[in-house]
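> After the structure tokens below, expect a handful of questions from me.
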Amino acid sequence: MSAERVTIRQATGVAGAVSILDRFGYRLQRLPLHLVIIIFCAVWVIPTIGMMINSFRALPDMQAAGWWTTLFPPHGFTFASYQQVLAIEGVVPSIGYSILITIPATVIQLAIATMGAYAFAWMNFPGRNLFFIVIVGLMVVPIQMTLIPVLQFFKFVHLSGTIPAVWLAHSGYGLPFEVFLLRNYLGGLPREIFESAEVDGAGHSVRFLRIAVPMTLPAIASLVIFVFLGIWNDLLVALTYLGVSPYRPFTVVIAQLTTSFGGGWQFLTAAAVMQMALPLAVFIFLQRYFVRGVTAGSVKG
Amino acid sequence: MAGITPDQIITAVVAVVGVPLVLLGYIILGEQVIEKLPDRIQEWIRPYFWALPAVGFATIFMIYPLIRTVIISFRNSADTDWIGWANYQYFFTFPDTLTSLRNSLLWLVFYTFFAVFFGLVIAILVDRVRYETIAKIAVFLPVPISAVAASIIWKFMFDYQPSGTTQTGTLNALLSVVHRDPVAWLVNSTTNNAALIFVGIWTATGFCMVIISASLKAISSEVLEAARIDGANEFQIVRLVVTPLLWPTITVVGTTMLINALKTFDIVYVMTNGAYNTDVIATQMFSQLQHSHFGRAAAVGVVLFLAVVPLLVVNIRRFQQQEEQR
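Take a look at the structure:
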């Protein structure tokens, strides 16, 4: 070992050898790090990959052998499951209804939540702590607890079985968590920024729209992702308020198909793949909001 | 099933554009009015003006229904008469509801701990490699997947065929490679709760990782540089510098996970529907609802709500500490 080192030193010069050995040692030191990450990622990805592969297989193949057998020829890939799912009446409109439910519900609740969170973070008023304690408490209220009274409310305002009813319900259920998270985020912003704006004569509407909202965008962006996904993937709320209406979203239709097909459920892999495609694209698209240095440089001097 | 009508699309577009515009108008016009008022009245009225939309929504969809539900929990299923504590008595004596209580406790402990722990570890580890984005997408992949899709995915993972036949389930195929008998993961009462909880952890870890990672990125690199110059190794930096700085985020994420654990419904409902002793409190409540036992369902909800009171206290304490620091 030492003899080798001497030869290398003679061949490449002392400095070069040290840096090569250092780099090799550094790589070796980091090997467990890479192994842990790769194994973890594999466990988190393989179930989904397996299901995706299965979605391109014929039903008898899925029932006869595991998805990994398809990795070796003959592959036998086919779009049969997709054709079968899309041919079922109501599946294509249900994807549209999911979009018509998800986007307005997300926008409505985040607009309201940001405004409410600003009041809780940067305004002093009697009963603020009490109000916020109530908000924090509401976060943990199970949705099931509200179903019967809210159904009665929708009947009272003639919104039963409509898409706007689901927007309102989702907004009501989502608000406490969003106000809580945004308030924590807004409350963590440097006080100096708001104080200097106030000294410069900026009212609350300017401070909210020009300072609080732009600085909160990273938090809002991550909330958009999770709120959007939550509503897109929701089963319980849609089932309760639209369960017997023609406007059933994608998840409800898939769930109902899963139950009604019983033994032949495997072809619904295609529906599952389509259902998760849009949220995944949204996540990749908004990835850039999760960058380093959210508030860096906003307070100088 | 009917197709989508233009009316429905127009209504949705109006809501998406209109609601933020209406709020903007509410803020700007309202502030103009408030600024003309005497200072003392301004200070008094402004916060309520700003909090009104959020508080209003919360009142209609959560506070009022919550109070109604507490009232219902002391009434019979037809909501015609007061029956005292009978619904609660049922919950704490019936074996099925006690099983659901035990299972919810298992979810509370194992789901929360592993989702947050894995999320923290992965967030810290991927921060040190060049393929961070790809690794994060891999771990986040299950988060966008609905309970319906996840249950289709894990049905293939947990699939069970009798011993001696070809195993189509991934886990049982792995067991057969090492010459072990296949396990009926979702039926066997020693494995099914663990299996369901793991599906929950699998869908939640990405959420924890993304939130913790965002806060990890906010830690100034100067702090880490200073620690390195002082001779701290990477493990010391993680343990003594990074984790304490992340602690507020970890508590927020942990609280969210505890709440998720208590509210767990979808995975259990879709995968086993509570069969083979996998019921949790939320599915128990739902089946009571389906059987029109509104009083009993409401009582389960109230018990669930009381169970989260300690969480509430922790949240409020931290809230007050944050106030003192500001």
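Here the protein sequences come in this chain order: C and L. Counted the way my numbering counts, the first sequence spans residues 1 to 301. Counted the way my numbering counts, the second sequence spans residues 302 to 627. Glycine residues also receive a C-beta, built at the ideal position from the N, C-alpha and C atoms. Note that the structure is predicted; figures quoted are calculated from it, not measured.
State yes or no: is the beta carbon of Thr251(C) nearer than 7 Å to at least one beta carbon in chain L?
Mapped onto the first sequence, residue 251(C) falls at position 251. Output row for Thr251(C): interface = yes.
> Rounding to the nearest angstrom, what Cα-Cα distance links Tyr577(L) and Val610(L) in this structure?
Taking the second sequence and counting its residues from 1, the one referred to as residue 577(L) is at position 276. Taking the second sequence and counting its residues from 1, the one referred to as residue 610(L) is at position 309. C-alpha separation (whole angstroms): 30 Å.
> In this structure, does DSSP put Ile20(C) in helix, strand or coil?
Against the first sequence, residue 20(C) aligns to sequence position 20. In the structure shown, Ile20(C) sits in a helix (DSSP, three-state: H, G or I).
> Between Leu655(L) and chain C, is any beta-carbon pair separated by less than 7 Å?
No answer is possible for residue 655(L): the residues shown for chain L start at 302 and end at 627.
> DSSP on Trp383(L), reduced to helix/strand/coil?
Within the second sequence, numbered from 1, the residue matching residue 383(L) stands at position 82. In the structure shown, Trp383(L) sits in a strand (DSSP, three-state: E or B).
> Count the other CB atoms within 10 Å of the CB of Glu178(C); is the residue buried (16 or more) or exposed (fewer)?
Within the first sequence, the letter at position 178 stands for residue 178(C). Buried, because 16 or more other Cβ atoms sit within 10 Å of the Cβ of Glu178(C).
> Beta carbons nearer than 7 Å to chain C: which residues of the segment 376 to 402 of chain L have them?
Result list empty, no residue passes.
> Counting only Cβ pairs nearer than 8 Å, list the residues of chain L close to Gly203(C).
Mapped onto the first sequence, residue 203(C) falls at position 203. Per Cβ cutoff of 8 Å: Glu332, Glu336.
> Going by C-alpha distance, which of Ala387(L), Leu367(L), Lys437(L), Val479(L) is nearest Val134(C)?
The residue given as residue 134(C) occupies position 134 in the first sequence. Answer by Cα proximity: Leu367(L).
> Between the alpha carbons of Arg481(L) and Thr506(L), how many angstroms are there, rounded?
For this step, residue 481(L) is matched to residue 180 along the second sequence. For this step, residue 506(L) is matched to residue 205 along the second sequence. Computed Cα separation, rounded: 30 Å.
> Counting only beta-carbon atoms, is Ile617(L) nearer than 7 Å to chain C?
On the second sequence, residue 617(L) is found 316 positions in, with the first residue counted as 1. Judged by the 7 Å Cβ criterion, Ile617(L) is in contact with chain C.
> Scan the segment 443 to 471 of chain L for residues whose Cβ lies nearer than 9 Å to a Cβ of chain C and list them as they occur along the chain.
Cβ contacts with chain C: Pro443, Val444, Pro445, Ile446, Ser447, Ala448, Val449, Ala450, Ala451, Ser452, Ile453, Ile454, Trp455, Lys456, Phe457, Met458, Asp460, Thr467, Gln468, Thr469, Gly470, Thr471.
> With 7 Å as the threshold, decide whether the Cβ of Ile560(L) is near any Cβ in chain C.
If you number the second sequence from 1, residue 560(L) lands on position 259. So, interface residue.
> Quick one: what's got a C-beta closer than 6 Å to Phe208(C)'s C-beta in the same chain, skipping five residues either side?
To locate residue 208(C), count along the first sequence from 1; it is residue 208. Here the set comprises Tyr118.
> CB Ser55(C) to CB Ser81(C), shorter than 7 Å?
Stepping through the first sequence from its first residue, residue 55(C) is reached at position 55. Stepping through the first sequence from its first residue, residue 81(C) is reached at position 81. It is a contact, given that the beta carbons lie within the stated cut-off.
> Among Lys456(L), Val554(L), Asn377(L), Glu344(L), which one has its Cα closest to the Cα of Leu497(L)?
In the second sequence, counting from the first residue as 1, residue 497(L) sits at position 196. Of the listed residues, the one whose Cα sits closest to Leu497(L) is Lys456(L).
> Name the chain L residues that come within less than 8 Å of Gln144(C), Cβ to Cβ?
Walking along the first sequence from the start, residue 144(C) turns up at place 144. Simply Phe566, Ala583, Met586, Phe587, Leu590, Ala598, Gly602.
> Does Gln275(C) come within less than 7 Å of chain L when only Cβ atoms are used?
Locating residue 275(C) in the first sequence gives position 275, counting from the first residue. Cβ-Cβ to chain L under 7 Å: yes for Gln275(C).
> Can you give me the C-alpha to C-alpha distance between Thr269(C) and Gln152(C), rounded to a whole angstrom?
Indexing the first sequence from 1 puts residue 269(C) at position 269. Indexing the first sequence from 1 puts residue 152(C) at position 152. Cα to Cα, Thr269(C) sits roughly 37 Å from Gln152(C).
> Check whether the Cβ atoms of Ile568(L) and Ala448(L) sit closer than 7 Å, and answer yes or no.
Within the second sequence, the letter at position 267 stands for residue 568(L). Within the second sequence, the letter at position 147 stands for residue 448(L). Taking 7 Å as the Cβ cut-off, Ile568(L) and Ala448(L) qualify as a contacting pair.
> For the segment 74 to 101 of chain C, enumerate the residues whose C-beta is nearer than 9 Å to any C-beta of chain L, in chain order.
Of all residues in the segment 74 to 101 of chain C, Glu89, Gly90, Val91, Val92, Pro93, Ser94, Gly96, Tyr97, Ile99, Leu100, Ile101 have a Cβ within less than 9 Å of some Cβ in chain L.
> Assuming the contact rule is C-beta atoms closer than 8 Å, Pro321(L) and Ala111(C) should be a hit. Round their C-beta distance to whole Å, please.
Here residue 321(L) refers to the residue found at position 20 of the second sequence. Here residue 111(C) refers to the residue found at position 111 of the first sequence. So it is a contact: roughly 5 Å between Cβ atoms.
> Does chain C have any CB closer than 7 Å to the CB of Ala496(L)?
For this step, residue 496(L) is matched to residue 195 along the second sequence. No, Ala496(L) does not count as interfacial toward chain C.
> How many angstroms separate the CA atom of Arg27(C) from the CA atom of Ile38(C)?
Sequence index remark: in the first sequence, residue 27(C) carries index 27 (1-based). Sequence index remark: in the first sequence, residue 38(C) carries index 38 (1-based). The straight-line gap from Cα to Cα measures roughly 15 Å.
> Identify every run of the alpha helix (DSSP H) within the segment 123 to 191 of chain C, keeping only runs that are complete inside it and at least 4 residues long; order them along the chain.
For the segment 123 to 191 of chain C, whole alpha helix (DSSP H) runs of length 4 or above, ordered along the chain, are 128 to 139, 147 to 156, 163 to 187.
> Using the Cβ count rule (16 or more neighbours within 10 Å means buried), how would you classify Gln585(L)?
Stepping through the second sequence from its first residue, residue 585(L) is reached at position 284. That one is buried.
> Excluding sequence positions up to five away, which residues of its chain have a Cβ less than 8 Å from the Cβ of Gln622(L)?
Numbered from its first residue, the second sequence carries residue 622(L) at position 321. Counting only Cβ-Cβ distances below 8 Å, and skipping sequence neighbours, we find nothing.
> If Leu409(L) and Leu563(L) are in contact, beta carbons under 8 Å, what's the gap, nearest whole angstrom?
For the purposes of this step, residue 409(L) is taken as residue 108 along the second sequence, with counting starting at 1. For the purposes of this step, residue 563(L) is taken as residue 262 along the second sequence, with counting starting at 1. Going by Cβ atoms, the distance from Leu409(L) to Leu563(L) rounds to 6 Å, so yes, they are a contact pair.
> Please list, in chain order, the chain C residues whose beta carbon lies closer than 9 Å to that of Gln622(L).
Within the second sequence, numbered from 1, the residue matching residue 622(L) stands at position 321. Neighbours of Gln622(L) on chain C: none; closest Cβ ~12 Å, over 9 Å.
> Please decide whether Ile39(C) counts as near chain L, where near means a Cβ-Cβ distance under 7 Å.
Translated into positions along the first sequence, residue 39(C) becomes position 39. No, Ile39(C) lies away from the interface with chain L (no Cβ there is under 7 Å from its Cβ).
> For Phe154(C), which residues of its own chain have a beta-carbon under 6 Å away from its beta-carbon, when the five flanking residues on both sides are left out?
As a position in the first sequence, residue 154(C) is number 154, starting the count at 1. Cβ within range, chain order: Ser160, Ala165.
> Check whether the Cβ of Gly66(C) lies closer than 7 Å to any Cβ atom in chain L.
Position 66 of the first sequence holds residue 66(C). Yes, Gly66(C) counts as interfacial toward chain L.
> Against chain L, does Leu303(C) count as a neighbour if the rule is that its beta carbon must be under 7 Å from one of theirs?
Because chain C spans 1 through 301 in this model, residue 303(C) falls outside it and cannot be assessed.
> Between the alpha carbons of Ala436(L) and Gly555(L), how many angstroms are there, rounded?
Within the second sequence, the letter at position 135 stands for residue 436(L). Within the second sequence, the letter at position 254 stands for residue 555(L). Between Ala436(L) and Gly555(L), the C-alpha separation is close to 22 Å.
> Could you tell me the alpha carbon to alpha carbon distance between Ala113(C) and Pro60(C), rounded to whole angstroms?
The count along the first sequence starts at 1 and reaches residue 113(C) at position 113. The count along the first sequence starts at 1 and reaches residue 60(C) at position 60. C-alpha separation (whole angstroms): 50 Å.
> Taking a contact to mean a Cβ-Cβ separation below 7 Å, would you say Val237(C) touches Met363(L) in this structure?
By one-based count along the first sequence, residue 237(C) stands at place 237. By one-based count along the second sequence, residue 363(L) stands at place 62. Their beta carbons are not under 7 Å apart, which means Val237(C) does not touch Met363(L) by this criterion.
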